[in-house]
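J.: For the record, the sequence lines run as chains A and B. Under our numbering, the first residue of the first sequence is numbered 1, with each subsequent residue one higher. Under our numbering, the first residue of the second sequence is numbered 453, with each subsequent residue one higher.
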Amino acid sequence: MEKKTYERPIIKPLNSGLMNKFGTRTEYTPKTHIDGVKVKDLLAEFGSPLFVMSEDKIRQNIQSAQRIFETRYPKVQFAWSYKTNYLNAVCNVFHQEGSWGEVVSMFEYNKALKNGVPADKILFNGPDKTDDDLKTAVKNDSPIHIDHLDELYRLIEISDEMHIKPRVAIRVNMDTGIYPMWDRFGFNYENGEAWDAINKIMATDKLNLIGLHCHIGTFMLTPSAYGVAASKLSALALNIKKRYDKVITYIDMGGGFASKNTLKGSYQLGTDAVPDIEEYAEQITSSILNAGFETDELPYLYLETGRALVDDAGFLLGSVISNKRLSDGRRSTILDFGVNILFTAFWYDHKISPAQEFSQYTEDTVLYGPLCMNIDVVRENVSMPPLNAGDNVVVHYVGAYNITQSMQFISLRPAVVMIDTKGKPHKIKSSETLEDVEKNELLPTHLNKFEL
Amino acid sequence: MKIRKNVAVSDSGFLFNPLTGDSFSVNPIGQTIISSFKENKPESEILENILEEYRVDKNTAEKDLNDFKRMLENYKLID
């Protein structure tokens, strides 16, 4: 007689009518394949844990976003937000789909150049631009988004020194009715700081003001805030035209569209609570179209969408190391990946699916990572089917901010694989080695030897 | 190991403890183990039956059986 599949014995108290912080069961089907490739095969070939990116999903996302905006507005340009995920393979999928580059440091700028993005199609954002950075961007004719007055004054000096008139935009922060208001970047709209900066630029004649930029927040769940922001930037652009007879060529709405992840503390799941890109698009495009631009002076709409285009194209595969019972009776499961590589576990309740068949029984579980640190918690409360040591799990929506923010801490960072549109996996980053980590270390000679 | 005699387990895995009024759900293997305890089967025999019936190694089965016993104690289902 063939033996049955083992599931460990579980007993679960039934508390009808009581609040349960573990919530109801959310996993009904195992995630056994990604783009037609078996999860178990990927782990066997590339090791565990493993990041997997779906090229097909990225292409679908960007094509769909382009379609959504282009059917509402005639002049749209996406720029790939490098900090969201700057693996070259990921960036190049976006570039192949027509996205420019959006960077916030010289490191990212050089990465974009190396990937082959023309310098005049790299939007240079961020508060940290050194003189050398600015000079490089000026020489290369990259649009520079000015963050603060020191940068503005420095650019005027650099323009004088280099006898080049840099193409610039200013970053504007504003009250769009949401909290927190991101007023640490750029110039404020309401208190007149932005207009003051514009006046300075126009007065010098050393800088060519071509755009207005904003980035009102991150994981924005209120699309109407984008409508307010687009109206305010349009009003600024129209005032510049009126006062200086200068046509602003683009309005850059930055990023911040939410992905389908569930924020910690959110009552609803991300898949239910998060607005569709159409809702953001409708707000932004309606505001600009209704602002009163002449048809031939309608500005380009730049978008630096990151998270919403790549989060659901990324998966983290891992394995169960062990199960434990905590002192208060809760089940704890230790996984072979932790917050060192799944940084977003600090702010999301990630959807995690078993990678093998399971029954309808679940246990209230805490999912821990492998680090010998108390903060290493992947999910604090989740109703999970029983997992045995050696079983595999798939974490969903991890394509944004995990690979770029992962830490080499306690253990080495894993490999990253991209499954192409024909279902073939390609390794796009090898797993780290001890040599990689020690490459830049130097040991003074007197510390070479010791006796114990 | 003896399950309290009033504890009732239905075929569908619903367990009721009349002493405390608590109810529980148990998966099929848990149900089999509770029934075996009710029949006063020794643990070694229960473990053997699990190994015979399921695709599992002895260490895992033993570890899980001990854990299950602790949970039964914890929920005061054992005399």
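Every residue gets a Cβ at the ideal spot worked out from N, C-alpha and C, and that includes glycine.
(1) Please confirm whether Pro-9 of chain A has its beta-carbon closer than 8 angstroms to some beta-carbon of chain B.
(2) If the cut is a Cβ gap below 9 angstroms, which residues of chain A does Met-523 of chain B touch?
(3) Excluding the 5 residues preceding and the 5 following Leu-238 of chain A in the sequence, name in chain order all residues of the same chain whose CB lies nearer than 8 angstroms to its CB.
(4) Is the segment 95-112 of chain A touching the segment 316-332 of chain A in the sense that three or more CB pairs, one from each, lie closer than 8 angstroms?
(5) Kindly indicate which three-state DSSP category Ile-216 of chain A falls into: helix, strand or coil?
(6) Going by DSSP, name the residue or residues bridged to His-426 of chain A.
(7) Tell me, please, which residues DSSP counts as bridged to Trp-347 of chain A.
(8) Look up Arg-167 of chain A in the DSSP assignment and give the residues it is bridged to.
(9) Going by CA-CA distance only, name the one from B:Thr-472, B:Arg-456, B:Gly-482, B:Lys-510 that's closest to Thr-362 of chain A.
(10) What does Thr-5 of chain A reach in chain B if we use C-beta pairs closer than 8 angstroms?
(11) Let me check understanding here. Comparing Cα to Cα, which of A:Ala-415, A:Ala-112, A:Asp-349 lies closest to Thr-271 of chain A?
(12) Note down the Cα distance separating Ser-319 of chain A from Ile-11 of chain A, rounded to an integer number of angstroms.
(13) Any idea if Thr-305 of chain A is buried or exposed, counting beta-carbon neighbours within 10 angstroms, 16 or more meaning buried?
(14) Looking at the strands, I want to know which residues DSSP matches up with Asn-173 of chain A.
(15) If the cut-off is 9 angstroms on Cβ atoms, which residues from the segment 465-481 of chain B count as contacting chain A, listed in chain order?
(16) Are there any heavy atoms of the ligand GTP lying less than 7 angstroms away from the beta-carbon of Lys-439 of chain A, as far as the coordinates show?
(17) Taking a contact to mean a Cβ-Cβ separation below 8 angstroms, would you say Ser-234 of chain A touches Ile-251 of chain A in this structure?
(18) Per DSSP, His-33 of chain A forms a beta bridge with which residues?
(19) If I measure Cβ to Cβ from Glu-297 of chain A and keep anything under 6 angstroms in the same chain, skipping five residues before and after, which residues do I get?
(20) Distance check for Asn-511 of chain B and Lys-129 of chain A, CA to CA, integer angstroms please.
(21) Measure the beta-carbon distance from Gly-254 of chain A to Ile-216 of chain A and round it to whole angstroms, keeping in mind my assumption that it falls under 8 angstroms.
(22) Give a yes or no on whether 8 angstroms exceeds the smallest Cβ distance from Ile-485 of chain B to chain A.
(23) So what does DSSP say about Phe-520 of chain B, is it helix, strand or coil?
(24) Considering His-145 of chain A, what are the terminal residues of the beta strand (DSSP E) in which it resides?
(25) Glu-363 of chain A bridges to which residues according to DSSP?
(26) Using the Cα positions of Glu-190 of chain A and Ile-240 of chain A, report the straight-line distance between them to the nearest angstrom.
(27) Please confirm whether Leu-221 of chain A has its beta-carbon closer than 8 angstroms to some beta-carbon of chain B.
(28) What whole-angstrom Cβ distance do Gly-468 of chain A and Asn-402 of chain A have, given they're in contact under 8 angstroms?
(29) Anyone know if the C-beta pair for Asp-376 of chain A and Arg-331 of chain A falls short of 8 angstroms?
(30) Does the distance from the C-beta atom of Ile-58 of chain A to that of Ala-281 of chain A stay below 8 angstroms?
(31) Taking DSSP as the reference, what is the three-state secondary structure of Met-373 of chain A?
(32) Which residues in chain A sit within 7 angstroms of Asn-526 of chain B, going by Cβ to Cβ distance?
(33) Quick test of your reading: Val-398 of chain A and Asn-381 of chain A, contact by CB under 8 angstroms. State the CB separation rounded to the nearest angstrom.
(34) If Ile-428 of chain A and Val-417 of chain A are in contact, beta carbons under 8 angstroms, what's the gap, nearest whole angstrom?
(35) Closer than 8 angstroms by beta-carbon distance: list the chain B residues that pair up with Leu-452 of chain A, in chain order.
(36) Quick one: what's got a C-beta closer than 6 angstroms to Tyr-506 of chain B's C-beta in the same chain, skipping five residues either side?
T.: Taking the geometry as given:
(1) yes
(2) Pro-9, Ile-10, Ile-11, Arg-325, Gly-329
(3) Ala-291, Gly-292, Phe-293
(4) no
(5) coil
(6) A:Met-418
(7) According to DSSP, which records beta bridges pairwise, Trp-347 of chain A is partnered with nothing at all.
(8) A:Asn-208
(9) B:Gly-482
(10) Tyr-506, Arg-507
(11) A:Asp-349
(12) 24 angstroms
(13) buried
(14) A:Asn-188
(15) Gly-465, Phe-466, Leu-467, Asp-474, Ser-475, Phe-476, Ser-477, Val-478, Asn-479, Pro-480, Ile-481
(16) The ligand GTP is not part of the structure shown, which contains no ligands of any sort.
(17) yes
(18) A:Lys-38
(19) Val-247
(20) 59 angstroms
(21) 7 angstroms
(22) yes
(23) helix
(24) 144-146
(25) A:Met-384
(26) 16 angstroms
(27) no
(28) Absent from the structure is residue 468 of chain A, since the part of chain A shown begins at 1 and ends at 452.
(29) no
(30) no
(31) coil
(32) Gly-329
(33) That pair is no contact at about 19 angstroms.
(34) 7 angstroms
(35) The contacting residues do not exist; Leu-452 of chain A stays about 36 angstroms from chain B at best.
(36) none
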